[in-house]
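In my numbering, the protein residues as written are 818 to 1507.
Idealized CB from N, CA, C, for every residue including glycine.
This one's a predicted model, so the numbers in the text were calculated from it and none came from an experiment.
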Amino acid sequence: MTAIGEPLVRRDGARKVTGTATYAYETQAGTPVFCHPVQATVARGRIAAIHTAEAEVLDGVLDVITYRSAERLASTEDAELAVLQDREVAFRGQVIGLVIAETSEAARHGAELVFATYDEREHDTELAADRDDLYKPEKVNPAFPTDTATGDVDAAMASADVTVERTYRTAMYHNNPLEPHATTALWDNDLLTLWDSTQGVHPSRKAIAKVFGLPEERVRVVCPYVGGGFGSKGLPHANVVLAAMAARAHPGRPVKLALTRQQMFSLAGYRTPTIQRMRLGATRDGRLTAIGLDVVEQTSRIKEFAEQTALPSRMMYAAPNRRTTHRLAALDVPVPSWMRAPGECPGMFGPEVAMDELAHELGIDPVELRIRNEPEVDPESGNPFSSRHLVECLREGARRFGWDSRDPRPGVRLEDGWLVGTGVASSVYPSSTRPGSTAVVRFEGGRYVVEIGAADLGTGAWTVLPQIAAEALEVPAEEIDMRLGDTAYPKAAVAGGSAGTGTWGSAVFEAARTFRDKYGRDPADGAEADATTGDNPARKEYAMYAFGAQFAEARVHADTGEIRVPRLLGVFAAGRIVNPRTARSQFLGGMTMGLSMALHEESVWDPRFGQVVNHDLAEYHITVNADVDDIQAHWLDEHDPHVNPLGVKGIGEIGIVGTAAAVANAVFHATGARIRDLPITLDKVLPALP
Ligand code: MOS
């Protein structure tokens, strides 16, 4: 019996495509009331007056909450969550009021009628590398050293045969899950129930309980389905606090709040723009002697988020001299946060394009250059890798892609008016398994039941967790009922850091094995076992990462500069693959999002007003079906005995890492135009075309 490794169909798939899966906003819990937030129209200042009378008399409006009337929160430590507590405005779009009404239309209309005047202060929202107020954060997300230095990069650069010294930029990006941030909240009998679109019911409960000063057992968070999150639903944002606040003001009535698409551009986090000063030094035969990366990025004035952009440069290649730094500008902007592969995703753009520039400079094939710099051990910790098959990914990818027939000269292949080129980049993502998630396996009414408070943010937890239990119980996965997405089930970690399957799966596997050992093959009704994910002592002895190689073909129209990517091919070494069907979706989804980052996505910032001007899906372009042609994800059969008992490394994020660099490198090979700032749009390519 092998349940792990089967391409089982998603358990939630039919429910989702037939519209019977109940998302947070759709929860039926009585006669609802509806909320609409009111947002600040200045980027910095203080509310002088706020007029709510017109909204309050509107038919259907129940009340309007502002800083004057809102309940005082027990904890205002997290300034992003401390909504409606004072008159200060820290960024345009910050919540200054909430209209509650019998219909969503009345709530929205009411919100339009609320009018505020401000004592406006001059705002400052423009990131630049030469700002004189850049500061060094104490740590970068979540708790890594801000700067590192090994050897002497300056000296190694001075004595290197060949150097590359360039500045790369990634844009501001907004997580745009299909399902907006949405909540149905009910305050009833001193119990707060939140049906919330979240990546973690327990972490969400903890955060909300703290804000309201409630014991955790008086907050229940329920989330059976999530229409995407990409990190933006990893922890609650202000909208959840607002929904809970409204529920407490209207006990017994379910309160509904969904952010509009436009509101998501100021209230749901985003990926900071980054400026990456990259330095590589190498010998003539392509051995790296120096890697330097100095990152400048932004955070908000009210809450710090420091994207760990330089992290992959610390461990990727075997240069003896390495130096990485992060500096932040605290601006009058919305609060940045997690977006798929924070750190690794932007942090593998500059460095992997720089590797391509170095390969070109040296006349060495870019696949070969990476292979020549493969480290024996983790350059950062000195520990061995628990497993590292980057070289195998590069070779297998090159073979499948047909890399060997590539003419290394850029800008020489012209086909029917299109310049054609190919590019490669490496991918990496840390593999982590978090201690402290508990799973229960029970025999109930003739069926096996698995319970864990995990959240399936669209990645496949509904499907893969029963597979893991089935493996240990030695029964078919169909014989197992899965229960997740509710704080009524045992405590589980967030669906984040690509750690869900490894973390929850380890607990599920152990609980199932314990169950089988304890009760044999013929358990009595009610028989039950549980297990909790333990700390992994091997973490101190091994560096644990998944690796990959991504190949892209770019076609750039020689006259118009139009850019197409007809082929993307990734090969990954990400440990054991529990379900090839859901895994392929994760890799392809990540790669598609990486293509999107390369060519389409960009939150266009207007510093005059301090806001994103393309704040909807008409103008914030995201790669769609028509932009994706032949996209393939493959993986190596990798066995890692150290990462966790399952050998699972995590696959949710690695697909987006390196993709944009592979595309940029392919565009260079096609045209000779080296684009160092994302996204790669035709206006940037045109001047370099023949
Ligand atoms: Mo992911 S950004 O760790 O949810």
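- When beta bridges are read from the DSSP output, V981 appears opposite L1097.
- Residues L944, R948, L951 and Q1115 of the same chain have their beta carbon placed closer than 6 Å to that of A1146, with the five preceding and five following residues left out of the count.
- The C-alpha of V1258 is placed about 43 Å away from the C-alpha of F1368.
- For the 8 Å CB-CB criterion, R1088 and M1165 do not form a contact.
- Relative to the non-hydrogen atoms of ligand 1, the Cβ of R1157 comes within a distance shorter than 7 Å of at least one.
- Membership of T1320 in the alpha helix (DSSP H) is indicated by the continuous run G1317 to Y1336.
- Closer than 7 Å to some heavy atom of ligand 1: that does not describe the Cβ of E1197.
- N1431 sits in coil when the DSSP states are folded into three classes, being neither helix nor strand.
- The beta carbon of A1026 is closer than 6 Å to those of E1033 and V1036 in its chain, skipping five residues each way along the sequence.
- Counting the other CB atoms within 10 Å of its CB gives N993 a total of 16 or more, which places it among the buried residues.
- The region 856-913 is shown to contain whole beta strand (DSSP E) runs of 3 or more residues at 862-868 and 878-883, in chain order.
- Secondary structure at Y840: coil, using DSSP grouped into helix, strand and coil.
- As the crow flies, the alpha-carbon of L1453 is around 27 Å from that of E1295.
- The three-state secondary structure of Q1115, taken from DSSP, is strand.
- Residue ranges of uninterrupted alpha helix (DSSP H) with 4 or more members, entirely inside the region 1019-1085 and ordered along the chain, are 1055-1066 and 1078-1084.
- Between R1356 and the set P1153, P1458 and V1245, the nearest pair of CA atoms involves P1458.
- The Cβ atoms of H1438 and H1417 lie closer than 8 Å to each other.
- In the DSSP assignment, Q1367 is bridged to A1242 and G1387.
- Given a length threshold of 4 residues, each whole run of the alpha helix (DSSP H) inside the region 1183-1253 is given here in chain order: 1183-1189 and 1207-1218.
- G1467 is not a Cβ neighbour of Y1306, given a cutoff of 8 Å.
- Residue range T1255 to E1261 is occupied by the beta strand (DSSP E) that includes A1256.
- Considering only I864, H1451 and E1209, the residue with the shortest C-alpha distance to D936 is I864.
- Within the DSSP bridge table, the entry for W1004 names L1009 as partners.
- Contact between R1070 and T848 is confirmed by a C-beta separation of about 7 Å, below the 8 Å threshold.
- Within the region 1428-1500, the beta strand (DSSP E) runs of at least 3 residues that lie entirely inside it are, in chain order, 1447-1452.
- Not a single heavy atom of ligand 1 lies less than 7 Å from the C-beta of F961.
- The residues A1289, L1290 and E1291, in chain order, have a CB closer than 8 Å to that of R1333 in the same chain once the five nearest residues on each side in sequence are set aside.
- The residues V1429, V1430 and N1431, in chain order, have a CB closer than 7 Å to that of V1421 in the same chain once the five nearest residues on each side in sequence are set aside.
- Looking at the DSSP output, L1405 bridges to nothing.
- Checking the 7 Å criterion, the Cβ of E1470 is within range of a heavy atom belonging to ligand 1.
- Note on geometry: alpha-carbon atoms of T1100 and V957 lie some 32 Å from one another.
- In terms of Cβ geometry, G1351 and P1283 do not form a close pair [threshold 8 Å].
- The beta-bridge partner set that DSSP reports for V1267 consists of V1258 and M1299.
- For E1261, the closest alpha carbon among the candidates D1339, G1277 and T1255 is that of D1339.
- Its chain contains V1208 as the residues whose beta carbon lies nearer than 6 Å to that of E1191, once the 5 sequence neighbours on both sides are disregarded; these appear in chain order.
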